[in-house]
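Working notes, beginning with the structure itself.
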Amino acid sequence: MSLLVVDKLTKTVHSGDAPLTILDAVSFAIAPGTAAAIVGASGSGKTTLLGLMAGLDLPTAGSVAIDGVSLATLDEDARAALRQRMIGFVFQSFQLLPALTALENVMLPLELAGRADAAASAREWLARVGLAPRATHYPRQLSGGEQQRVAIARAFAGEPRLLLADEPTGNLDQATGGDVVDLMFRLNAERGTTLVLVTHDVGLAARCSRRLTLSGGRLVRDEDVERSDAATMAP
Amino acid sequence: MGTLRLALRMLLRDLRAGELTVLAAALVLAAASIGSVGFFADRVKGALAGEANLLLGGDVLVASDRELPPAFADEAVRRGLTTTPVLRFSSMVGRAGNDGDATPILTSVKAVTGDYPLRGAITLAAADTPDGRAATGIPARGVVWPDTRLATRLALKPGDRLAVGDATLTVGAIFQQEPEVSQGLLTGTPRILINAADIAATHLLQPGNRATWRLLVAARDAPRGALDAYTAWAREHLAAGMQLQSVRDLQPEVRQTLERAEKFLGLAALVAVLLSAVAVALASARYLRRHLDTAAMVRCLGASRGRALAMFVVQFVVLGVVASLAGTVLALGGQALLAVLLRSLAATDLPPPAALPGVVAFTTGVLLLLGFALPPLTALAGVAPLRVLRRDLPRPRTWGWLAYAAGAAAIAAMIAWQAQDATLGAITLGGVAGLVAASGLAAWLLIALLKRLPQRGLTWRFGLANLARRPLGSSLTIGALAMGLMALLLLTVVRDDLVRTWRASLPPDAPNHFVINVLPEQVDGVRAALSRAAGKDVTLYPMVRGRLVDVNGKPFDTARFTEARARRMAEREFNLSSLATLPSTNRIVAGTFWAPDAGPDAGLSMEEGIAKQLDLKLGDRLTFDIAGQQVTAPVTSLRKVDWDSFQPNFFTLFPPHALDGMPTSWLGAVRVPPGDRTFVSSLVAEYPNVLAIDVGDVLHQVQSIMDQVSRAIEFVFLFTLVAGVLVLQAAISATQDERRYDAAVLRTLGASQRQLRLAQTAEFAVQGAIAGLLAATGATISGWLLADRVFNIKFALDPWLFLWAVAGGAVAVAAAGWLGTREALKRPPVAVLRQLA
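Protein sequence lines, in the order shown, are assigned to chains A and B.
Sequence positions in the first sequence follow the numbering used here and run 1 to 235.
Sequence positions in the second sequence follow the numbering used here and run 1001 to 1837.
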């Protein structure tokens, strides 16, 4: 059974006179444990798709189901609860809270979930991303690569089944980006997490077994490297 | 983990990271300043009232023209208050037997018991010091203490014998001053003090003999509320012919001084409230901007909308409670320090602090938070979680100015409560509203002007463009700065002017003696004697006593005045005078005063307050009965009278010669060197009917009240100064993040630190200058309104104020802005961009 099912997902926004279709009837399903990349040029609708998959935004038509639960049947608070239970996030701009130390940033999702061992668990995760000595540092005292590693620790700390990443290397130089990607894939393999990442980094996309290509809001190509059957969608 | 615990953790983290420093400081300061003003004003008021109570002989006084029902004393004792009865009546008093041939003199006899007086002391004449010394106890049975006036006129010395009714009493001592002078300054009859146990022997208390029974009541050891409760009780139980007097019913001189003192302190408190509110609003707005991402992230990580809201609300409520408590404690410390400082300066002991100002201080902090911080923060819960992916999403809707409606209402309520004076509150609120509107308008005008301004160099252009780019933000900042500066101006320059004008109304050479009862044929001789003693020309005023009997052809009905004071004023005889020119301590507020050469039919001039109380208007035709003759004239002007000037003042003035032929006596005020005790005796020896009243003690008391209040205001001003600086800080840090980002982008594009610094300095300096101009205008208008409508003194426009305000505003804001953003300019742009991206 697929962990994530996207069915005829459409997002239209009204800007000016004409409605603008950002996503046009996109459908795919992702099996548990898969690492999938959503690729495409700027403006192809990648980030919009990610927001819809996380339940951060609502589609105009179509549906998203996570672990068999359709997001359309949930209200905003229920979607938030589902995110807390199931989803981890890694962002292009890291999105660490500036008033919190590295440790506290990692603790935050655990605290929100009411975990009593939040501090101990967060410390463990910081150690796992190699930042134990920087636990009490604030984001502004960390380099970009370090900040993204903290963000990865935060994303995995809640032990999500689905990890969504938005251009995780977008703000990093190539070498640092490579290290961060290595870390992300290592943890993904260890934890058996399903990884969906949005990127236009070809190297990063190449490390994923599944590659979905968006163009002009449509899914134009769906490659499954493990099954080596690339399907080009009919226009 | 409970939301509460998580909220507390987030609060501690925000505090530690410095996110809440300005907000917390603003709240602490709000509570501390309100509390200090409150505690201090309360204690000073207590002390001032206590000092004034020395003049009353007690804290309150119940008087009756019949014997007082015992319930009045019993009720006071039941409430833990101290009481002592005083009986007063008039009698002819002369030397007993063949002691001398002086004729008996109409004397006011006062019979007292052991506890008299409850406040203040009787001062006995002493050979070795002109100031005399305080008496211990009261005259023993069979002993009489005449005052210096009677002693002079009867040439009495201790051991002489006086006939008081059927009793013969021995002069034990001669007193200079006794505390109970509430009959006003112009009752010049000599007095004697006797022991109440001797009354029966005098046989003077016969039916038909007019006497006044009084009960002095003081809260010596009783809780402070007891006196108020008793006063309320007594007021309800007053029968016809009885009255209750407290310090407020004392001489207008002391009353007006006390009321002004209260208003000055109230003003200082108001300004502190407003400044704190501005600082809290600015700091909360900044918190809101900086925590949009936190809110979005918390929602993204799975917190429901309700939980996110609860987290922020709990954080802020806890912060508000803790900061308000801290401020209240600080206020206690501040006012205690002040009490120590004042103790070495003032003779009066301050009463201990009461609980109420503490409650008010705490409530103030919490109210400011609820009114100005929480409403905009509710927007945080409404932030779209999608913001974590899309930074360009519009900010959640705050309710804009509506969000502050609750805060404004809270402030208005607090102002009304603090000021306890609708005019003062309205002027202050009006000033603030006007300033907000003016700053908005000024910002828009500036933007319009900028578009036409010739382009002069990159830095200047960029700095000014910054202002134009954020019209709302700029006008808010300018408004906040103007508020802060206006408060500072009001409390420095204007306050100084007001206090100086106030004190100038009572110069060091204010008269310390009133001379009354001068007969027309003695006027020249007495004037010469007074001018000699004072070393300058002294004016004598004619005085005619008359009763108001008719208004506009209808008999004047005194029964319709329900208020005791108005009725008393209506029933008593007026002191009428006739003058060619308006005295300097009087000011015309309606109609016109007659020319110096006006004829006797130029109407009459009434004091504004009495006219209001007796419902008399400009144009009304009044008829006075003066010893059987009727004089009718229209009211042609209304005057404000500076009662605490210690000059002779009259409710009703007539033009020259309007009162010719009426039974007239003359009076005047003169300053003689303090300690000159021969002045009175030599004057009275030459003119036996003339009465000279020594008001030196009252004068001294009023002056010392003014001194205390001036110091009090200076102290309170310190808090307001800190509040003003905090507003400045909050206003600058409100735009700090945007500024840092701009600076980083510009430096990336190749701008030098120096160019950026100049651009920012230009922007800050222009903001400061505009704020200074607005503040000077606001302070001048407010100062004029306060002087004219509230304090009843003249206001002098100070053109230098504008120069100081504009230059000071520009320099102060530029300096503060430089300090606030210098760190941002030094940091590598990439660090700034990364942090703020």
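Idealized CB from N, CA, C, for every residue including glycine.
For Gly1302/B, the closest Cβ of chain A is nearer than 8 Å. Leu1490/B sits in a helix when the DSSP states are folded into three classes. In the DSSP annotation of this structure, Lys46/A is not part of any beta strand (DSSP E); the continuous alpha helix (DSSP H) holding it starts and ends at 46-53.
Residue pairing of Glu223/A in beta bridges, as defined by DSSP: Arg211/A. Per the coordinates, the alpha-carbon of Gly1159/B lies some 11 Å from the alpha-carbon of Ile1174/B.
Distance check between Leu110/A and each of Leu1238/B, Leu1029/B, Val1298/B, Ala1025/B places Val1298/B closest, using alpha-carbon atoms only. Under the three-state reduction of DSSP, Lys1612/B is assigned to helix.
Taking a cut-off of 8 Å for Cβ pairs, the segment 208-218 of chain A and the segment 50-62 of chain A do not touch, as fewer than three such pairs fall below it. Residue pairing by DSSP places Ala35/A opposite Leu195/A in a beta bridge. Taking C-alpha positions only, Asp1221/B is separated from Gln1613/B by approximately 37 Å. Taking a 10 Å sphere around the C-beta of Ala1580/B, we find fewer than 16 other C-beta atoms and assign the residue as exposed. Under the three-state reduction of DSSP, Val1695/B is assigned to coil, being neither helix nor strand. Taking a beta-carbon distance threshold of 8 Å, Ala1373/B does not count as an interface residue toward chain A. Secondary structure of Ala102/A (DSSP, three-state): helix. At a cut-off of 8 Å between beta carbons, Val1745/B makes no contact with chain A. In this chain, the alpha helix (DSSP H) harbouring Asp77/A covers 76-86. Runs of the alpha helix (DSSP H) spanning 4 or more residues and lying entirely within the segment 1517-1544 of chain B occur at 1523-1534, in chain order.
Proximity of chain A to Asp1737/B at the Cβ level (cut-off 9 Å) is not reached, the minimal Cβ distance being about 10 Å. DSSP lists no beta-bridge partner residue for Phe1651/B. Per DSSP, Ala65/A is not a residue of any alpha helix (DSSP H); the beta strand (DSSP E) it occupies stretches across 61-66. Spatial neighbours of Ala1326/B in its own chain (CB-CB distance under 6 Å, excluding positions within 5 residues in sequence) are listed in chain order as Val1028. The C-alpha of Phe1372/B lies about 35 Å from the C-alpha of Leu142/A.
Taking C-beta atoms as the reference points, Asp1128/B and Pro1190/B fail to come closer than 8 Å. By the criterion of a C-beta distance shorter than 8 Å, Asp7/A is surrounded in its chain by Ser27, Gly62, Ser63, Val64, Ala65, once the five residues flanking it on both sides are discounted.
Around the CB of Asp1014/B, 16 or more other CB atoms lie within 10 Å, so the residue is classed as buried. Contact of Ala1810/B with chain A is not assigned, every C-beta pair being separated by 8 Å or more.
Taking C-beta separations shorter than 6 Å and ignoring five residues to either side along the sequence, the partners of Glu1607/B in its chain run Arg1639, Val1641, Phe1651, following chain order. Boundaries of the beta strand (DSSP E) harbouring Gln1176/B: 1175-1177, taken from the DSSP string.
Asp201/A sits buried, since 16 or more C-beta atoms from the chains shown fall within 10 Å of its C-beta.
Against chain A, the CB of Arg1740/B has no partner CB under 8 Å away; the residue lies outside that interface. Taking 8 Å as the cut-off, the Cβ atoms of Asn188/A and Ala35/A count as close. Closer than 8 Å to the CB of Thr1294/B there is at least one CB belonging to chain A. Distance from Val1695/B to Ala1279/B at the Cβ level is roughly 47 Å; contact not present, criterion being Cβ atoms closer than 8 Å.
About 5 Å separates the Cβ atoms of Leu1275/B and Ala1487/B, confirming a contact at the 8 Å cut-off. In this structure Ala1032/B is in contact with Leu1330/B, their Cβ atoms being roughly 4 Å apart against a cut-off of 8 Å.
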